[in-house]
Amino acid sequence: MSAATQARRVDPRLEIVVFQQGRYVAYAACGLPFFIAGQVPRVEALILYPPEHFRQERGIDVRVRHQVQRIDLRARVLEGTDHEAGRTFREPFDRLVIATGGSADRPALPGADLQGLFTLRTPEDGLALNAYLEAGEARRAAVVGGGYIGLELAEALRHRGLEVSLFEALPQVLPMVDGALAGRVAAAARAAGVRLHFGTAVTAFEGAPGGRVRAVCGGGERHPAELVVLATGTRPNVALAAAAGVPLGHTGAISVDRKLHTGLFGVYAAGDCAEATHCLTGRPVYLPQGTTANRQGHVAGGNAAGASLCFPGILGTLATKVFGLEVARTGLSEQEARDAGFAAVAARAQAPSRSRYFPGAGRIDVLLVGDRRSGRLLGAQMVGAEGVAKRLDVLAAALHAGMTVEQVVAMDLTYAPPVAPATDPVIVAARALLKAMR
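Listed below in structure tokens is the structure:
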């Protein structure tokens, strides 16, 4: 919807039509785990605007439950099914923004079609999972995948009183985070009662009579579970675009340039179906995030309406809060930096979130990555009970500005005993990295 809204800003006279396969538009998908946890009492709270808002306030024709099934680029026509009316439709277009999003990865394993297996991407997904929980069908839950969403769901299910086991094929949670920092999160998850199974690839789901799941199989063992949530990643929804001849990149998502143009006349792509350029490497990557989708939609929609906007790229800036810890990262890990050709150096530091003597001060663990040749900052990761996400944003801004580690050390940051020590954790870590780089 950010694409349609920006197109309207650029040209108030345009006829703008949005086709949405589901019932909901403009919803906060990242809030769904908190709906499952009961912290957000109603899924409707995650709906930012109903379709009527766009029709009445912005002059955008939003058609829900309309599934586009074919893009005819030669005739400049969309073909599909109106599931509300039970009929087909054809819609001509001059400019097209493909924003088909992504789907939760659902491994093709034995038993994957059993009742009681869920993914969580849409409000409909959230309502289905919540209804299953409210029916009291499950006492034990298995979460497959130890990334951000998997951890958020594990915590949510613990909030709902279930026994929870989490399965991760790699040897740690949060594979995109340094192992030592991820270890702190794993310890907090275990303390909250989550059973962690690392190095355990799920191979099958076992069903009970009647077709409900009753166990997860992996690592040569059988783990009882009446509920399974799959959180193994996102894949781009590109079948529609690919069938129309829209080029895909090496990541499997739609290839776009800085203007989010696909290379086909008048056709743009944005969001979880499209690649993005990494600011530090200049290479196309697939890192689906709501923030990226919103920013890309702004550019693609504006350009489709006649503007000349450029998408500046992404850093992969992420944050979450699980089991009492904030976790955040931006830029490149040490290994990613080396793979990109940098002379990567990493340094770790610990510092208090507030003045040490002030009640409630907690430890923040920081990892910074820099380039020995240029002196530039390349990446940052943090874990702590408080004050992590916004400090990480400071470092994301430093990355966008191309700052050196020495310049980060010289930054003038806040100090007040209840919220920050005299030497902020950002500065403590930057000093450690500067020393390691010399």
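Numbering-wise, this note's numbering puts 380 at position 379 of the sequence shown, and it's gapless, one number per residue.
We treat Cβ as the ideally placed atom computed from N, Cα and C, and that holds for glycine.
These numbers come from a predicted model, not from an experiment.
Going by C-alpha to C-alpha distance, which of the options sits closest to residue i?
{"i": "Tyr287", "options": "Ala242, Asp394, Ala142 and Gly317", "result": "Gly317"}
{"i": "Arg64", "options": "Phe55, Ser166 and Ala226", "result": "Phe55"}
{"i": "Glu53", "options": "Arg223, Asp62 and Ala46", "result": "Asp62"}
{"i": "Ser334", "options": "Glu327, Leu281, Leu310 and Thr292", "result": "Leu281"}
{"i": "Met412", "options": "Ala350, Ala398 and Val420", "result": "Ala398"}
{"i": "Phe90", "options": "Leu97, Gly102 and Ile72", "result": "Ile72"}
{"i": "Gln290", "options": "Cys31, Ser3, Met2 and Arg364", "result": "Cys31"}
{"i": "Ala345", "options": "Asp366, Arg77 and Arg377", "result": "Arg377"}
{"i": "Leu74", "options": "Leu265, Ser356 and Val328", "result": "Leu265"}
{"i": "Val328", "options": "Asp179, Asp340 and Val300", "result": "Asp179"}
{"i": "Asp366", "options": "Val44, Ile428 and His262", "result": "Ile428"}
{"i": "Lys391", "options": "Thr405, Thr415 and Arg161", "result": "Thr415"}
{"i": "Gly81", "options": "Pro34, Gly403 and Gln21", "result": "Gln21"}
{"i": "Leu158", "options": "Leu15, Ala294 and Ala38", "result": "Ala38"}
{"i": "Ala381", "options": "Leu249, Val389 and Glu276", "result": "Val389"}
{"i": "Leu308", "options": "His262, His279 and Val406", "result": "The residue you asked about is not Leu; residue 308 is Ala in the sequence shown. Selected option, being the one with the closest Cα: His262."}
{"i": "Val406", "options": "Gln336, Pro42 and Arg373", "result": "Arg373"}
{"i": "Arg9", "options": "Gly60, Pro42 and Leu326", "result": "Gly60"}
{"i": "Gly23", "options": "Leu393, Arg66, Gly117 and Leu310", "result": "Arg66"}
{"i": "Phe94", "options": "Val268, Phe324 and Val420", "result": "Val268"}
{"i": "Gly403", "options": "Val257, Glu387 and Ser375", "result": "Ser375"}
{"i": "Met177", "options": "Asp340, Val257 and Gln336", "result": "Gln336"}
{"i": "Val165", "options": "Pro225, Ala132 and Asp340", "result": "Pro225"}
When the distance is taken between beta carbons, is residue j closer than 8 Å to residue i?
{"i": "Ala105", "j": "Leu152", "result": "no"}
{"i": "Gly208", "j": "Leu115", "result": "yes"}
{"i": "Ala170", "j": "Ala142", "result": "no"}
{"i": "Leu182", "j": "Val384", "result": "yes"}
{"i": "Leu154", "j": "Val144", "result": "yes"}
{"i": "Leu368", "j": "Ala338", "result": "no"}
{"i": "Gly302", "j": "Thr6", "result": "yes"}
{"i": "Ala29", "j": "Leu49", "result": "yes"}
{"i": "Ala232", "j": "Gly146", "result": "yes"}
{"i": "Gly342", "j": "Ser354", "result": "no"}
{"i": "Phe119", "j": "Val230", "result": "yes"}
{"i": "Val19", "j": "Glu92", "result": "no"}
{"i": "Leu121", "j": "Leu167", "result": "no"}
{"i": "Ala350", "j": "Ala437", "result": "no"}
{"i": "Thr235", "j": "Leu110", "result": "no"}
{"i": "Ala193", "j": "Glu156", "result": "yes"}
{"i": "Leu33", "j": "Leu47", "result": "yes"}
{"i": "Pro422", "j": "Arg357", "result": "yes"}
{"i": "Ala348", "j": "Ala430", "result": "yes"}
{"i": "Ala277", "j": "Gly250", "result": "no"}
{"i": "Phe206", "j": "Gly112", "result": "yes"}
{"i": "Gly361", "j": "Val214", "result": "no"}
Give the straight-line distance between the Cα atoms of residue i and residue j, rounded to the nearest whole angstrom.
{"i": "Arg185", "j": "Thr321", "result": "14 Å"}
{"i": "Leu435", "j": "His401", "result": "19 Å"}
{"i": "Ala305", "j": "Gln297", "result": "12 Å"}
{"i": "Leu175", "j": "Gly332", "result": "15 Å"}
{"i": "Glu125", "j": "His84", "result": "16 Å"}
{"i": "Val195", "j": "Gly283", "result": "39 Å"}
{"i": "Pro13", "j": "Phe312", "result": "22 Å"}
{"i": "Val409", "j": "Gln173", "result": "30 Å"}
{"i": "Gln57", "j": "Ile150", "result": "35 Å"}
{"i": "Gly211", "j": "Glu138", "result": "13 Å"}
{"i": "Asp425", "j": "Leu319", "result": "21 Å"}
{"i": "Pro418", "j": "Gly127", "result": "41 Å"}
{"i": "Gly87", "j": "Asn238", "result": "24 Å"}
{"i": "Arg330", "j": "Val78", "result": "42 Å"}
{"i": "Val44", "j": "Phe36", "result": "6 Å"}
{"i": "Ala352", "j": "Ala188", "result": "19 Å"}
{"i": "Pro248", "j": "His160", "result": "44 Å"}
{"i": "Leu163", "j": "Arg140", "result": "5 Å"}
{"i": "His299", "j": "Val69", "result": "22 Å"}
{"i": "Ser3", "j": "Asn295", "result": "6 Å"}
{"i": "Tyr510", "j": "Thr293", "result": "This structure leaves residue 510 out entirely; the chain is present only between 2 and 439."}
{"i": "Gly148", "j": "Leu326", "result": "14 Å"}
{"i": "Gly246", "j": "Val395", "result": "41 Å"}
{"i": "Gln40", "j": "Ala386", "result": "19 Å"}
{"i": "Phe324", "j": "Val11", "result": "44 Å"}
{"i": "Gly200", "j": "His279", "result": "29 Å"}
{"i": "Ser256", "j": "Ala132", "result": "38 Å"}
Is residue i near the ligand FAD, going by C-beta to nearest heavy atom under 7 Å?
{"i": "Phe312", "result": "Ligands in the displayed structure: none, and consequently the ligand FAD is not present."}
Next on the checklist: For a minimum of 4 consecutive residues, which ranges assigned as the alpha helix (DSSP H) are wholly contained in the segment 128-210?
Outcome noted: 149-160 and 180-192
Checklist entry - Residue ranges of each alpha helix (DSSP H) run of no fewer than 4 residues wholly in the segment 10-47, ordered along the chain? => result 33-38
Checklist entry - Which whole runs of the alpha helix (DSSP H) in the segment 309-360 are 4 residues long or more, in chain order? => result 335-340
Checklist entry - In the segment 251-288, which residue ranges form an unbroken beta strand (DSSP E) of at least 3 residues, counting only runs that do not cross its ends? => result 268-270
Item to check | Contained alpha helix (DSSP H) runs [length at least 4] in the segment 37-111, N- to C-terminal order | outcome: 52-59
Item to check | At least three beta-carbon pairs within less than 8 Å, the segment 214-230 to the segment 238-246 | outcome: no
Checklist entry - Just checking, does the segment 259-279 make contact with the segment 96-110 on the three C-beta pairs under 8 Å criterion? => result yes
Checklist entry - Which whole runs of the alpha helix (DSSP H) in the segment 398-431 are 4 residues long or more, in chain order? => result 406-410
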